[in-house]
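Heads up, the thing below is written out as structure tokens.
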Ligand SMILES: Nc1ncnc2c1ncn2[C@@H]1O[C@H](COP(=O)(O)OP(=O)(O)OP(=O)(O)O)[C@@H](O)[C@H]1O
Ligand SMILES: Nc1ccn([C@@H]2O[C@H](COP(=O)(O)O)[C@@H](O)[C@H]2O)c(=O)n1
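Numbering (the working numbering), first residue to last: 74 to 752.
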């Protein structure tokens, strides 16, 4: 996940490949609650790992459930409380997870009333602006004691009761269905706790919105042994004697709302025989948002589907604007607004009043951000109408702590498909952690870009000037990839030493360089390097390796052999490359070139300190002599000598801290970006 203040997406021209979706948020949190209320152990496979499920899991642990990784199956094992509270007081923090707040509020209200207890539920500031009054209004007439601790009708809530209380269940429980279907879902998930002695009837006031989400609830209740009888969408009966029974093992299907971004991506950018395959959700999905596929097809997407998969290609192009009542797909419908950027004629999405009370006011947020990239937008109380930009603008997109804003708007980076070529900045990209922590990584793995559009920052300079340190910090700050080109020459030198190849045998060295079996670690292995399967991380940094690299790198054939490998590091979203000839030879079109220097005395002192800290003894005078000899060889060789590119910015960091150097380079970078000062 990109935990950085902003992520710049270069103009992206195409897409192809396979994406495996993370588990559905709606299914994950329902399954977790049901497993937590049931008796026995439930193995949950393919559970979504995200902010919203993390808060639900924390809540279940606090309530006395056991949550552990099952080593045999790799699934998450939840041992539930079997409907009996082992813990009678807890304060639960539920972030911005509506799928945790609403059902837990109902379940704990019921349990506190029957078994005694006091529970406080709170969340982030936005959660305290998301309505829950209709659920409270449904529970109070049953005899539940609910204190609204902030604004009436909104969390935080306190749910309390003394053991032995009873619930008034003789009459039908009434709940409003026209603001959020989660209130009905919450009651249906919670009320089996009180169904030992009689049927429980829930009746919906008003037209129930988002019915497919209620279908998910009914489907999962059935998997846990509770067969709710439904009469239309107005009346639901939980049969007397209902008890949560664990199914033992349950698989969470991929998130259909998350699939929508990739369906849209295929429709926009999978061209010329390319296909975008989506795995984890398909024709057998129980999620309502799977019907987004129909809307995408109406706009022009070419979609094939089977159990657990979808394949998408561009069909009609440009896409075609549509008018749709999206009440049945409120979350995925946001993606249609992004597809509208590539459509002929306006796209009007109606029946979406619920957008106004989601993670943010999504109608207002969508309108503001789509306008920022150049679209024309009309918004109303319960609709949005979007027309494609006439002129695309390089925009810094606000994301409002709303994962779907970030994912939808990322699709605007594919503007080269309609002849534009503008980059896009996504502010606070880590908001995707709510449902799809690795969304941007997945997007970049599928996206194709013209290499010329992928930004490169080069950092060249003499030995021990701090290039590697600076480059790594800049790459981390921007979420870009990193090329330590010196490591390629060092690895060639090490391979030569292993194979007994002379540093003077240019042809043999070039052959070694060409077949270099080198692997750089990522994720937990970031920073580690393997040559021919052997970990050379420490060997790479030895002074002897540096000196050997300096000798082998002077040969033109060796440099030529490593050229293509270095170019292959230029991948979305961008690259920071450090070495000696990054700005002059390898990436002459780099968007920012830095030539980093420091006095020889300072550099020798830094290297000395570096070696001492690793427990390697060294003489300062010898180190200075070695690095000066290396610099001289690097500067005076015939090919790709060490020198600043004509358009490089010089940075002497002799008297600067690492932080100061990083701040300077980031400030230069910001000036070169087209997003303006506020971004
Ligand atoms: N601005 C700075 N101020 C103080 N120390 C620094 C600064 N920049 C880097 N250093 C330190 O100097 C040492 C050498 O830095 P680094 O390895 O990044 O240099 P390099 O130019 O990449 O070296 P090489 O050319 O050998 O790969 C490190 O210990 C690093 O922490
Ligand atoms: N682009 C580059 C990078 C490095 N070299 C040579 O490799 C030696 C080791 O580099 P480090 O940055 O890891 O110290 C260096 O002294 C250069 O001779 C190069 O030629 N071009």
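The beta-carbon is built from N, C-alpha and C at its ideal position, and this holds for glycine as well.
| Asked | Found |
| --- | --- |
| By Cβ distance below 7 Å, which residues in the same chain neighbour residue 119 in space, the five residues on each side in sequence not counted? | 96, 324 and 325 |
| Looking at residue 721 and ligand 1, is the gap between the Cβ and the nearest heavy atom below 7 Å? | no |
| Which partner residues does residue 666 have in the DSSP bridge list? | 531 |
| Near residue 679, which residues of its chain fall below 8 Å by C-beta distance, leaving aside the five closest residues on each side in sequence? | 537, 539 and 671 |
| Can you determine whether any heavy atom of ligand 2 sits closer than 7 Å to the C-beta of residue 655, and answer yes or no? | yes |
| Is residue 710 close to ligand 1? I mean its beta-carbon at under 7 Å from any heavy atom of the ligand. | no |
| Answer yes if the region 634-645 comes into contact with the region 719-735, meaning at least three C-beta pairs across the two stretches below 8 Å, and no otherwise. | no |
| Given this structure, state the Cα-to-Cα distance separating residue 631 from residue 484, to the nearest angstrom. | 41 Å |
| Taking residue 459 as the reference, give the member of 473, 422, 495 and 474 with the closest Cα. | 422 |
| Mind checking whether residue 257 and residue 248 have CB atoms under 8 Å apart? | yes |
| What first and last residue would you give for the beta strand (DSSP E) that runs through residue 398? | 396-398 |
| Within 10 Å of its beta-carbon, does residue 98 have 16 or more other beta-carbons around it, so buried, or fewer, so exposed? | buried |
| Inspect the beta-carbon positions of residue 639 and residue 609 and report whether they are closer than 8 Å. | no |
| Below 7 Å, is the gap between the Cβ of residue 683 and the nearest heavy atom of ligand 1? | yes |
| Who are residue 723's beta bridge partners in DSSP? | 668 |
| Do residue 251 and residue 279 have their CB atoms nearer than 8 Å? | yes |
| Is any heavy atom of ligand 2 found at a distance shorter than 7 Å from the C-beta of residue 538? | no |
| Using 7 Å as the cut-off, classify the Cβ of residue 679 as near or not near the heavy atoms of ligand 1, replying yes or no. | yes |
| Restricting to runs no shorter than 3 residues, where is the beta strand (DSSP E) found entirely within the region 334-380? | 349-352 and 375-379 |
| Hey, residue 353 and residue 378: beta-carbon distance below 8 Å or not? | no |
| With a threshold of 6 Å on Cβ separation, who are the neighbours of residue 509 within its own chain once the five nearest residues in sequence on each side are excluded? | 95 and 331 |
| Figure out for me which residue from 615, 309, 481 and 438 has the closest Cα to the Cα of residue 334. | 481 |
| For residue 603, collect the residues of the same chain with a Cβ closer than 6 Å to its Cβ; drop the 5 residues on either side in sequence, then sort them by chain order. | 592 |
| Who are the near neighbours of residue 259 in its chain, counting only those whose CB is closer than 7 Å to its CB and skipping five residues on each side? | 175, 176, 178, 179 and 208 |
| Please specify which runs of the beta strand (DSSP E), each continuous and at least 3 residues long, are wholly inside the region 470-553, giving them in chain order. | 497-500 and 529-533 |
| Please indicate yes or no: does the CB of residue 753 lie closer than 7 Å to some heavy atom of ligand 1? | For residue 753 there is no data in the structure shown, the boundaries of the chain being 74 and 752. |
| Since residue 105 and residue 130 are thought to touch, with beta carbons under 8 Å apart, how far apart are those beta carbons, to the nearest angstrom? | 7 Å |
| Who pairs with residue 117 in a beta bridge, going by DSSP? | 149 and 323 |
| Based on Cα-Cα distance, which residue from 198, 127, 142 and 134 lies nearest to residue 117? | 142 |
| Look at the alpha carbon of residue 408 and the alpha carbon of residue 577, and state the distance between them as a whole number of angstroms. | 59 Å |
| May I ask whether a heavy atom of ligand 1 can be found less than 7 Å away from the beta carbon of residue 651? | yes |
| Quick one: any contact between the region 608-624 and the region 557-576, if contact means 3 or more CB pairs under 8 Å? | yes |
| Should the region 334-344 be called in touch with the region 361-378, which here means at least 3 C-beta pairs below 8 Å? | yes |
| For residue 384, list the residues DSSP reports as bridge partners. | 350 and 377 |
| Nearer than 7 Å: is that true of the beta carbon of residue 672 relative to any heavy atom of ligand 1? | no |
| Let's see if you can read the secondary structure: which residues bound the beta strand (DSSP E) around residue 593? | 591-593 |
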